[in-house]
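**Student:**
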Amino acid sequence: MAAEAESPRLRKMMELARWHDEWAKRHADDGRFRPEEHPDPDSDYSVHHVDVDPSADAEAEFMMRAREIMGLDPVTGRRVSPPPDDTGDREGDRDA
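Here's what the structure looks like:
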């Protein structure tokens with residue numbers, strides 16, 4: 001597990017998870033809650049409604065920071081520069 005913690009991809013994913021947790025807690029009361037649109041009794045909509053129906057401002061806030069974490073331009077979503085120890089594991093760089 002220690003070797004996995006050294007992975008740049010894993011570090012980014014862990015930081016993204018922390019950001020999502022912080023963002024969801026901050027916006028839990030702001031997200032539109034429309035359970036009538038999700039009548040399936042097995043649905044976990046009541047837990048994840050802030051992800052499904054965020055305000056436009058909350059969604060933009062999440063996406064901009066998530067893009068930064070993933071090494072992308074926060075506005076365009078384009079890669080700013082390759083990771084310093086790029087292992088070639090980006091989509092399209094993998095051998096089939």
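Quick note: the sequence shown uses full-length UniProt numbering, first residue 1, plus one each step. The beta carbon of each residue, even a glycine, is placed where N, CA and C say it ideally should be.
Could you tell me which uninterrupted beta strand (DSSP E) segments, each at least 3 residues in length, are contained entirely in the stretch 27 to 78, listed from first to last along the chain?
**Tutor:** none
**Student:** Suppose you measure from the CA of residue 95 to the CA of residue 41; what does that come to, to the nearest Å?
**Tutor:** Because residue 95 carries a pLDDT of 43, less than 50, the predicted location of this residue cannot be relied on, and the following value inherits that uncertainty. Those two C-alpha atoms are separated by around 42 Å.
**Student:** Do residue 38 and residue 58 have their CB atoms nearer than 9 Å?
**Tutor:** no
**Student:** Sorted by chain position, which residues of the same chain lie with C-beta nearer than 6 Å to residue 77's C-beta, five sequence neighbours on each side aside?
**Tutor:** Excluding positions up to five away in sequence, the list reads 67.
**Student:** Skipping 5 residues on each side, what residues in its chain have a beta carbon closer than 7 Å to that of residue 30?
**Tutor:** 55, 58
**Student:** For residue 33, tell me which candidate among 46, 23, 24 has the shortest Cα-Cα distance.
**Tutor:** 46
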